[in-house]
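**Student:**
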Amino acid sequence: MIAILKPGTSEKQRDSLCDWFRSMGLEVHVSQGQFQCIIGLIGDTTKVDINLLESLSIIESVKRITEPFKNANRKFHTQDSVVDVGGGLKIGGGHFEVIAGPCSVESDEQMLEVGQRTKAAGGNLLRGGAFKPRTSPYDFQGLHGEGLNILRRVKQVTGQPIVTEIMNANDLPLFEDVDIIQVGARNMQNFDLLKELGRTDKAILIKRGLANTLKELLMSAEYVMAGGNEKIILCERGIRTFETYTRNTLDLSAIPMLHELTHLPVIADPSHGTGKASLVLPMALAAVAAGADGLMIEVHPDPEHALSDGAQSLRPNQFDDLMQRVRKIREVILA
Ligand code: PEP
Ligand code: MN
Numbered sequence: 021m022i023a024i025l026k027p028g029t030s031e032k033q034r035d036s037l038c039d040w041f042r043s044m045g046l047e048v049h050v051s052q053g054q055f056q057c058i059i060g061l062i063g064d065t066t067k068v069d070i071n072l073l074e075s076l077s078i079i080e081s082v083k084r085i086t087e088p089f090k091n092a093n094r095k096f097h098t099q100d101s102v103v104d105v106g107g108g109l110k111i112g113g114g115h116f117e118v119i120a121g122p123c124s125v126e127s128d129e130q131m132l133e134v135g136q137r138t139k140a141a142g143g144n145l146l147r148g149g150a151f152k153p154r155t156s157p158y159d160f161q162g163l164h165g166e167g168l169n170i171l172r173r174v175k176q177v178t179g180q181p182i183v184t185e186i187m188n189a190n191d192l193p194l195f196e197d198v199d200i201i202q203v204g205a206r207n208m209q210n211f212d213l214l215k216e217l218g219r220t221d222k223a224i225l226i227k228r229g230l231a232n233t234l235k236e237l238l239m240s241a242e243y244v245m246a247g248g249n250e251k252i253i254l255c256e257r258g259i260r261t262f263e264t265y266t267r268n269t270l271d272l273s274a275i276p277m278l279h280e281l282t283h284l285p286v287i288a289d290p291s292h293g294t295g296k297a298s299l300v301l302p303m304a305l306a307a308v309a310a311g312a313d314g315l316m317i318e319v320h321p322d323p324e325h326a327l328s329d330g331a332q333s334l335r336p337n338q339f340d341d342l343m344q345r346v347r348k349i350r351e352v353i354l355a
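In terms of my numbering, the numbers along the sequence shown are unbroken and rise by one, the last being 355.
Put into structure tokens, the structure is as follows:
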């Protein structure tokens, strides 16, 4: 980090600022020019409050050289992280997996049909929301504990590791048999929840918030990692833009950008990313071509009657087709 002092700063003011930096455990390098003084800070500057520093009367400007995320940063961990997601499956570092299933868990029959059909097509992990973050309180809110029981029963039949969203840290005891705990877009910055998940040893899927930058997404991963849990998968699921034909705008550039910035695996969710079943296939293929380590796809046996997100859900036969094409794109990009 570099801090430039305002012309006219006295030696006494400069020295007391340097002492303050040293008290934070930082190494301080002072370059005193004729008119201006530049202070270079070396060490763990993640604890330095850049806004506070900028607000000091003697500071002209402050620049961070390294990003504020450390554990997630590729600079300090050049190898891709591989996350163990249960059932002998891995995501990241060349391991690619597809998570498929309905938006909401509705019944044993629904989940069993989707589980068996998606598994047969190569969707090795099963998703389904039991706690649903709905915009309207009058919409279906999920089956809660019973939804998790259904997922557990289907897992016993199909063997698919299960992925489901948590909304409240108090529900954690219910998630014991869940393989990947999803933090939804709306909870990406629920810092208490992230801290609590940092104390577990579960794989955590963090979805990008509707209006969050990649830096903010990485800082959310950092919250979990700072607690000691390194098993994080990031998910690009579309962001809110001025476009209205699509539900969200799937930010494909986020995939290679995140790969440059972090060693964590990155998957894409073209279902929430577009909101339209007809767009899921092309955007899934594009995400794979952009280097995604996996996909999350909403699949429902009867989308017209789905209790949530029917418009963006594929039928099982459409998912079969998607998987075949995804395999072809994978072959091309790996060739
Ligand atoms: C979901 O996966 O069903 C979901 C609610 O996703 P998001 O948090 O990305 O909206
Ligand atoms: Mn959904």
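From the three backbone atoms N, C-alpha and C, an ideal C-beta is built for every residue, glycine too.
Note that the structure is a prediction, hence the values are computed from the model and not measured.
How many angstroms separate the CA atom of residue 82 from the CA atom of residue 26?
**Tutor:** Within the sequence shown, residue 82 is the residue found at index 62, counting from 1. Within the sequence shown, residue 26 is the residue found at index 6, counting from 1. Spanning the two alpha carbons is a distance of roughly 11 Å.
**Student:** In terms of residue numbering, what span does the beta strand (DSSP E) encompassing residue 184 cover?
**Tutor:** Counted from its first residue, the sequence shown places residue 184 at position 164. Element bounds for residue 184: 182-186.
**Student:** Tell me which residues pass a beta-carbon proximity test against the ligand MN: closer than 5 Å to any heavy atom, given in chain order.
**Tutor:** Selection output, chain order preserved: 123 and 329.
**Student:** If contact is defined by three or more beta carbon pairs under 8 Å, each pair taking one atom from either stretch, is the stretch 253-266 in contact with the stretch 226-241?
**Tutor:** Result yes; three or more Cβ-Cβ pairs closer than 8 Å.
**Student:** Just verifying my parser: in three-state terms, what is the DSSP assignment at residue 178?
**Tutor:** Taking the first residue of the sequence shown as 1, we reach residue 178 at position 158. Helix at residue 178.
**Student:** When the Cβ atoms of the stretch 167-185 are set against those of the stretch 194-201, are three or more pairs found closer than 8 Å?
**Tutor:** Yes, the stretch 167-185 is in contact with the stretch 194-201.
**Student:** Short check: CB of residue 101 to CB of residue 292, under 8 Å?
**Tutor:** Numbered from 1 along the sequence shown, position 81 holds the residue referred to as residue 101. Numbered from 1 along the sequence shown, position 272 holds the residue referred to as residue 292. Not in contact: residue 101 and residue 292 (Cβ atoms no closer than 8 Å).
**Student:** Any heavy atom of the ligand NAP closer than 7 Å to the Cβ of residue 292?
**Tutor:** Although the ligand NAP was asked about, the structure shown includes only the ligand PEP and the ligand MN as ligands.
**Student:** Please classify residue 279: is it buried, with 16 or more other beta-carbons within 10 angstroms of its beta-carbon, or exposed?
**Tutor:** Position 259 of the sequence shown, counted from the first residue, corresponds to residue 279. With 16 or more other Cβ atoms within 10 Å, it is buried.
**Student:** Just the Cα atoms here: how many angstroms apart are residue 231 and residue 30?
**Tutor:** Numbered from 1 along the sequence shown, position 211 holds the residue referred to as residue 231. Numbered from 1 along the sequence shown, position 10 holds the residue referred to as residue 30. For residue 231 and residue 30, the distance between alpha carbons rounds to 43 Å.
**Student:** Count the C-beta pairs between the stretch 258-270 and the stretch 83-96 that are closer than 8 Å, then say yes if the count reaches three, no if not.
**Tutor:** No: fewer than three Cβ pairs fall under 8 Å.
**Student:** Give the single residue among 221, 264, 327 and 55 whose Cα lies nearest to the Cα of residue 245.
**Tutor:** For the purposes of this step, residue 245 is identified with residue 225 of the sequence shown, where counting begins at 1. The shortest C-alpha separation from residue 245 is found at 221.
**Student:** Helix, strand or coil for residue 228, going by three-state DSSP, please let me know.
**Tutor:** As a working note, residue 228 is residue 208 in the sequence shown. In the structure shown, residue 228 sits in coil (DSSP, three-state: anything other than H, G, I, E or B).
**Student:** Can you tell which of 99, 52, 218 and 47 has the C-alpha that lies nearest to the C-alpha of residue 68?
**Tutor:** Numbered from 1 along the sequence shown, position 48 holds the residue referred to as residue 68. Ranking 99, 52, 218 and 47 by Cα distance to residue 68 puts 47 first.
**Student:** Rounded to the nearest angstrom, what separates residue 40 and residue 77 at their Cα positions?
**Tutor:** Position 20 of the sequence shown holds residue 40. Position 57 of the sequence shown holds residue 77. So the alpha carbons of these two residues sit roughly 15 Å apart.
**Student:** How far does the beta strand (DSSP E) with residue 83 in it extend, from its first residue to its last?
**Tutor:** For this step, residue 83 is matched to residue 63 along the sequence shown. Residues 79-83.
**Student:** Tell me where the alpha helix (DSSP H) around residue 348 begins and ends.
**Tutor:** Counting from one through the sequence shown, the residue named residue 348 turns up at place 328. Where residue 348 is concerned, the enclosing alpha helix (DSSP H) stretches over 336-354.
**Student:** Sort 92, 105 and 122 by Cα distance to residue 335 and report the nearest one.
**Tutor:** Taking the sequence shown and counting its residues from 1, the one referred to as residue 335 is at position 315. With distances taken between Cα atoms, residue 335 lies closest to 122.
**Student:** Please go through the stretch 90-173 and give each complete beta strand (DSSP E) segment of 3 or more residues, from N-terminal end onward.
**Tutor:** Within the stretch 90-173, the complete beta strand (DSSP E) runs of at least 3 residues are 103-106, 109-111, 117-121 and 145-147.
**Student:** Does at least one heavy atom of the ligand PEP sit under 7 Å from the Cβ of residue 153?
**Tutor:** Locating residue 153 in the sequence shown gives position 133, counting from the first residue. Yes, the ligand PEP has a heavy atom inside 7 Å of this Cβ.
**Student:** What does the Cβ neighbour count give for residue 353, buried or exposed, with the cut at 16 atoms within 10 Å?
**Tutor:** Numbered from its first residue, the sequence shown carries residue 353 at position 333. Counting Cβ neighbours within 10 Å, residue 353 comes out exposed, since fewer than 16 surround it.
**Student:** How should residue 205 be labelled, buried or exposed, when 16 other C-beta atoms within 10 angstroms of its C-beta is the threshold for buried?
**Tutor:** The residue given as residue 205 occupies position 185 in the sequence shown. The residue in question, residue 205, is buried, as its Cβ has 16 or more Cβ neighbours within 10 Å.
**Student:** Quick one: is the Cβ of residue 324 within less than 7 Å of any heavy atom of the ligand PEP?
**Tutor:** Looking up residue 324 in the sequence shown gives position 304. No, Cβ of residue 324 sits at least 7 Å from all heavy atoms of the ligand PEP.
**Student:** Quick check on residue 293: does DSSP put it in helix, strand or coil?
**Tutor:** Position 273 of the sequence shown, counted from the first residue, corresponds to residue 293. If DSSP states are grouped into helix, strand and coil, residue 293 belongs with the helices.
**Student:** Given a cut-off of 8 Å, decide if residue 212 and residue 151 are closer than it, judged by their beta-carbon atoms.
**Tutor:** Locating residue 151 in the sequence shown gives position 131, where the first residue counts as 1. Locating residue 212 in the sequence shown gives position 192, where the first residue counts as 1. Against a cut-off of 8 Å, the Cβ pair of residue 212 and residue 151 comes out as no contact.
**Student:** At a threshold of 7 Å, does residue 289 count as lining the ligand PEP (C-beta to nearest heavy atom)?
**Tutor:** Residue numbering aside, residue 289 sits at position 269 when the sequence shown is read from its first letter. Within the cutoff, so yes.
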